[in-house]
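Engineer: Taking the UniProt record's numbering, the leading residue of the sequence shown gets 1, the next gets one more, and so forth.
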Amino acid sequence: MPNIISRRDLDFLLYEMLDAESLTTKPLYAEHSREVFDQIMDTAEKLGENVFQPIAALTDREEPKFDNGRTILPKETREALDAYVEAGFPAMSFPEALGGLQLPYLISQGVGAIMGAANGNVSGYMMLTGAAARLIIAHGSGEQIARFAAPMIEGRWFGTMCLSEPQAGSSLADIRTKAERREDGTYNITGNKMWISGGEHDLSENIVHMVLARVPGGPAGVKGISLFIVPKFIPDADGNPGDRNDVVLAGLNHKMGNRATVNTVLNFGDAGGATGWLVGGEGMGLAAMFHMMNEARIAVGLGAASTAYTGYLHALDYAKDRRQGRALDDKNPENPMVPIIEHADVKRMLLQQKAYAEGAVALCLTGARMIDDEKTAEDETEKARLNLLLELLTPVMKSWPSEYGPRANDQAIQVHGGYGYTRDYPVERLYRDNRLNPIHEGTKGIQGLDLLGRKVVMQDGAAIQALGAEIRKTLDEASHKTDYPYIGEFGDTLLEYWEKLTTTTMEMAAKARVAGPKAYLANATIYLDAFGHVVVAWIWLRQAIIAARAMEAGTSEQNFYRGKLQACRYFFAYELPSVTPMLDLLATLDTTCMEMHEGWF
């Protein structure tokens with residue numbers, strides 16, 4: 001693929017690190033094989049290279065337009081999505097009983113990595129659709145699954161999530177959209193929703209909105225939130241799109257990047273009320289919506305990682321080709337200039353991008369493998385353990401790639417120099433696209449509060465103990481790896497940082513008994529960064545162990561595996577040490593930021 005993502009690296013992650021083939025021994029995936037997985041990835045590779053990437057600049061330049069209540073998008077957007085649907089990708093990880101291909105989630109996320117790197121803005125419609133369909137399957141009735149989820153699995157209808165409102169933003173406890181009971185069992189939906197990706201378009205036959213709203217008389221706050229299916233067109237008796245529902249486009253949000261995914265303001269009930277179907281019970285809406293939100297968060301992290309990855313490959317290609325300057329010890333101006341990749345600082349910037357991008361993709365695919373393992377586990381104790389790990393790692397999988405992916409894209413611009421700041425090269429667009437990811441599907445600050453305030457303390461720290469057990473398995477492998485000089489050192493270093501992280505966490509919890517929850521959570525975002533860096537160090541050590549084994553076995557792919565080892569060495573030498581001052585600060589429960597007064601700014 002032309003600077004989209006490394007297929008060799010994806011194969012390394014899928015098969016050497018995460019052992020996707022072993023999933024075919026599970027009854028759920030027994031119909032598949034490595035050959036099937038490879039065919040799926042080959043198809044995605046061709047689609048990304050031939051259809052999605054070539055229109056990325058166009059769909060950025062020709063951003064969505066508002067026209068008399070409609071969204072106007074370039075025709076190429078529809079053509080690309082039609083090709084995606086025709087290839088059968090919307091059905092990838094859904095059960096065969098519902099018309100799906102019943103592929104492992106790991107493989108579908110491998111496809112997601114390719115499509116996200118090729119053109120994440122356009123493929124984003126399908127991510128939302130799949131997550132909405134899985135939400136209906138998990139919490140809806142059989143009739144709702146047949147009526148609404150089935151056409152989404154086929155790719156004929158698209159889906160959205162409607163949470164935020166103009167006055168509420170991320171504070172869902174403050175939403176005002178109202179749902180009043182009707183005699184026929186449906187609900188009358190009135191209100192406004194803001195920041196709705198894919199909220200209005202002509203890309204599909206119908207749009208299924210998953211809407212949070214309040215039933216009058218219910219409790220205040222999040223306990224009074226319910227979830228509703230509110231389609232753009234009300235299905236007729238045959239299940240086809242019928243009358244237009246009372247959902248209208250009120251406006252578009254014009255974004256810095258990520259433009260091909262139209263972002264909308266929607267009004268529900270301008271003509272009296274939209275028809276909605278309750279999902280689950282009243283007051284259970286937010287708990288149900290977390291099913292979609294968590295999937296979207298992992299997908300956002302993968303999208304950020306993929307965007308960083310393609311930016312890195314563009315920078316690498318440019319650095320190999322661009323000639324400028326000479327070696328520091330070459331004082332002869334008549335000697336030819338050298339490719340800039342020969343300069344140490346350019347190598348540093350490329351190594352940083354490689355460590356961030358490859359580490360982030362590996363992190364997200366590790367989460368995907370955990371989802372498959374949880375789904376196929378026969379032992380309830382094992383299911384519970386994997387669920388704890390996923391609960392703990394979801395804010396990390398969303399936020400670490402979203403924070404460090406844009407930093408990688410920033411360095412891709414820097415490698416290009418002045419050219420990188422122009423539209424002549426794609427790296428400026430990729431940076432703009434990726435800058436959204438720390439914001440949507442729960443800002444970075446919210447993820448930090450979730451991790452420190454809920455996940456590390458739940459069940460008396462059972463989740464962080466489960467992660468510690470996984471890390472110690474890797475440390476045990478590293479201790480037996482002596483032929484490559486750095487592996488044992490990496491293991492010792494990771495153990496040191498893991499123990500410091502867990503000790504700091506306990507110190508913070510102890511001090512919070514006196515200082516209170518505000519002080520405990522005041523620097524939750526810094527905790528998230530520190531935690532994420534330690535987790536990614538673990539991910540890199542796992543990759544390095546595999547690479548070292550391959551080197552010992554006399555692999556013919558010396559450069560590939562040496563690259564893995566060197567990127568791991570970079571992360572441990574240049575990135576992981578930044579955790580120390582973070583943890584030192586956190587241990588003090590410093591309240592400098594919390595105590596800053598508005599008038600002092």
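From the three backbone atoms N, C-alpha and C, an ideal C-beta is built for every residue, glycine too.
So, are the CB atoms of residue 228 and residue 244 less than 7 angstroms apart?
Structural biologist: Numbered from 1 along the sequence shown, position 228 holds the residue referred to as residue 228. Numbered from 1 along the sequence shown, position 244 holds the residue referred to as residue 244. Cβ distance not < 7 angstroms, so residue 228 and residue 244 don't count as in contact.
Engineer: What span of residues does the beta strand (DSSP E) with residue 268 cover, start to end?
Structural biologist: Stepping through the sequence shown from its first residue, residue 268 is reached at position 268. First-last of the beta strand (DSSP E) with residue 268: 263–268.
Engineer: CB-CB under 6 angstroms to residue 585, same chain, minus the five flanking residues each way: which ones, in chain order?
Structural biologist: The sequence position of residue 585 within the sequence shown is 585, counting from 1. Cβ within range, chain order: n/a, list empty.
Engineer: According to DSSP, is residue 4 helix, strand or coil?
Structural biologist: Within the sequence shown, the letter at position 4 stands for residue 4. In the structure shown, residue 4 sits in coil (DSSP, three-state: anything other than H, G, I, E or B).
Engineer: Quick test of your reading: residue 475 and residue 452, contact by CB under 8 angstroms. State the CB separation rounded to the nearest angstrom.
Structural biologist: What you label residue 475 is simply residue 475 of the sequence shown in a count that begins at 1. What you label residue 452 is simply residue 452 of the sequence shown in a count that begins at 1. No, residue 475 and residue 452 are not in contact; Cβ-Cβ is about 24 angstroms, not under 8 angstroms.
Engineer: Residue 67 bridges to which residues according to DSSP?
Structural biologist: As a first step, residue 67 is located in the sequence shown; it is residue number 67 there, counting from the start. In DSSP, residue 67 forms a bridge with 70.
Engineer: Locate the alpha helix (DSSP H) running through residue 564, then write down its first and last residues.
Structural biologist: Taking the first residue of the sequence shown as position 1, residue 564 is located at position 564. Start and end: 558–570.
Engineer: Figure out for me which residue from 511, 203, 217, 146 has the closest Cα to the Cα of residue 79.
Structural biologist: Counted from its first residue, the sequence shown places residue 79 at position 79. With distances taken between Cα atoms, residue 79 lies closest to 203.
Engineer: Looking only at DSSP bridge pairs, what is residue 214 linked to?
Structural biologist: Residue 214 sits at position 214 when you count from the first residue of the sequence shown. Per DSSP, 178, 225.
Engineer: Which residue marks the beginning of the alpha helix (DSSP H) containing residue 350, and which one marks its end?
Structural biologist: One-based indexing of the sequence shown puts residue 350 at position 350. That run of the alpha helix (DSSP H) goes 344–376.
Engineer: Return the bridge partner residues of residue 197 from the DSSP annotation.
Structural biologist: For the purposes of this step, residue 197 is identified with residue 197 of the sequence shown, where counting begins at 1. Looking at the DSSP assignment, residue 197 forms a beta bridge with 263.
Engineer: Using 8 angstroms as the threshold, is the region 407–416 in touch with the region 136–145, meaning 3 or more CB pairs across them?
Structural biologist: Verdict: no, contact absent.
Engineer: Mapping the DSSP letters down to three states, classify residue 206 as helix, strand or coil.
Structural biologist: The residue given as residue 206 occupies position 206 in the sequence shown. Of the three classes helix, strand and coil, the one that applies to residue 206 here is strand, per DSSP.
Engineer: Under a Cβ-count criterion, where at least 16 other Cβ atoms within 10 Å of its own Cβ denotes burial, should residue 277 be classed as buried or exposed?
Structural biologist: For this step, residue 277 is matched to residue 277 along the sequence shown. With 16 or more other Cβ atoms within 10 Å, it is buried.
Engineer: Can you tell me whether residue 246 is buried or exposed, with buried defined as 16 or more other CB within 10 angstroms of its CB?
Structural biologist: As a working note, residue 246 is residue 246 in the sequence shown. Per the 10 Å Cβ criterion, buried.
Engineer: Going by beta-carbon coordinates alone, are residue 477 and residue 545 separated by less than 7 angstroms?
Structural biologist: Mapped onto the sequence shown, residue 477 falls at position 477. Mapped onto the sequence shown, residue 545 falls at position 545. It is a contact, given that the beta carbons lie within the stated cut-off.
Engineer: With DSSP as the reference, label residue 238 as helix, strand or coil.
Structural biologist: The residue labelled residue 238 in the question sits at position 238 within the sequence shown. It is coil, neither helix nor strand.
Engineer: Per the DSSP calculation, residue 540 is bridged to which residue(s)?
Structural biologist: Translated into positions along the sequence shown, residue 540 becomes position 540. Answer is none; residue 540 lacks a bridge partner.
Engineer: Apart from the five residues just before and just after residue 519, which ones in its own chain have a Cβ nearer than 8 angstroms to its Cβ?
Structural biologist: Looking up residue 519 in the sequence shown gives position 519. The residues are 511, 512, 589, 591, 594.
Engineer: Identify whether residue 336 lies in helix, strand or coil by the three-state DSSP scheme.
Structural biologist: Along the sequence shown, one-based indexing puts residue 336 at 336. Here residue 336 sits in coil by DSSP.
Engineer: Quick one: measure Cβ to Cβ for residue 206 and residue 241, integer angstroms, because I've assumed they're closer than 8 angstroms.
Structural biologist: Locating residue 206 in the sequence shown gives position 206, where the first residue counts as 1. Locating residue 241 in the sequence shown gives position 241, where the first residue counts as 1. Their Cβ separation, rounded to whole angstroms, is 5 angstroms, which keeps residue 206 and residue 241 in contact under 8 angstroms.
Engineer: Take residue 612 and list the residues in its own chain whose beta-carbon comes closer than 6 angstroms to its own, dropping the five residues that flank it on each side.
Structural biologist: Since the first and last residues shown for the chain are 1 and 601, residue 612 lies out of range.
Engineer: What residues in its chain sit with their C-beta under 6 angstroms from that of residue 396, if we drop five residues either side in the sequence?
Structural biologist: Taking the first residue of the sequence shown as 1, we reach residue 396 at position 396. If we look at residue 396 and ignore the five residues flanking it on each side, its Cβ neighbours are 532, 535.
Engineer: If distances are taken between C-alpha atoms only, which option among 597, 446, 265 comes closest to residue 192?
Structural biologist: The count along the sequence shown starts at 1 and reaches residue 192 at position 192. The candidate whose alpha carbon is nearest that of residue 192 is 265.
Engineer: Any idea if residue 201 is buried or exposed, counting beta-carbon neighbours within 10 angstroms, 16 or more meaning buried?
Structural biologist: For the purposes of this step, residue 201 is taken as the residue at position 201 of the sequence shown. Residue 201 should be labelled buried.
Engineer: Please list, in chain order, all residues of the same chain as residue 64 whose beta carbon is under 6 angstroms from its beta carbon, the five residues on each side excluded.
Structural biologist: By one-based count along the sequence shown, residue 64 stands at place 64. Cβ within range, chain order: 71, 73, 252, 262.
Engineer: Compute the beta-carbon to beta-carbon distance between residue 341 and residue 320, rounded to the nearest angstrom, for a pair I have assumed lies under 8 angstroms.
Structural biologist: In the sequence shown, counting from the first residue as 1, residue 341 sits at position 341. In the sequence shown, counting from the first residue as 1, residue 320 sits at position 320. About 5 angstroms; that satisfies the 8 angstroms criterion.
Engineer: Secondary structure at residue 318, three-state DSSP: helix, strand or coil?
Structural biologist: Position 318 of the sequence shown, counted from the start, is the residue given in the question as residue 318. Three-state DSSP puts residue 318 in a helix.
Engineer: Please report the residue range of the alpha helix (DSSP H) in which residue 59 lies.
Structural biologist: For the purposes of this step, residue 59 is taken as residue 59 along the sequence shown, with counting starting at 1. Residue 59 -> alpha helix (DSSP H) spans 56–61.
Engineer: Using a threshold of 7 angstroms, state whether the C-beta atoms of residue 374 and residue 365 are closer than that.
Structural biologist: Numbered from its first residue, the sequence shown carries residue 374 at position 374. Numbered from its first residue, the sequence shown carries residue 365 at position 365. No; because the gap between Cβ atoms is not below 7 angstroms, this pair is not in contact.
Engineer: Apart from the five residues just before and just after residue 600, which ones in its own chain have a Cβ nearer than 7 angstroms to its Cβ?
Structural biologist: Taking the sequence shown and counting its residues from 1, one reaches residue 600 at position 600. Closer than 7 angstroms at Cβ, skipping near neighbours: no residue.
Engineer: How about residue 311 and residue 436: are their beta carbons less than 7 angstroms apart?
Structural biologist: Residue numbering aside, residue 311 sits at position 311 when the sequence shown is read from its first letter. Residue numbering aside, residue 436 sits at position 436 when the sequence shown is read from its first letter. Not closer than 7 angstroms, so no.
Engineer: Tell me the DSSP secondary structure of residue 583 in three-state form.
Structural biologist: Locating residue 583 in the sequence shown gives position 583, where the first residue counts as 1. Three-state result, residue 583: helix.
Engineer: By a C-beta neighbour count over all protein chains shown, 10 Å radius and 16 as the cutoff for buried, is residue 175 buried or exposed?
Structural biologist: Position 175 of the sequence shown holds residue 175. Buried.
Engineer: Given this structure, state the Cα-to-Cα distance separating residue 194 from residue 69, to the nearest angstrom.
Structural biologist: What you label residue 194 is simply residue 194 of the sequence shown in a count that begins at 1. What you label residue 69 is simply residue 69 of the sequence shown in a count that begins at 1. Each residue's Cα considered, the two are about 15 angstroms apart.
Engineer: Given that a residue counts as buried once 16 or more other Cβ atoms are within 10 Å of its Cβ, and exposed if not, what is residue 401?
Structural biologist: As a first step, residue 401 must be located in the sequence shown, where it is residue number 401. Residue 401 comes out buried.
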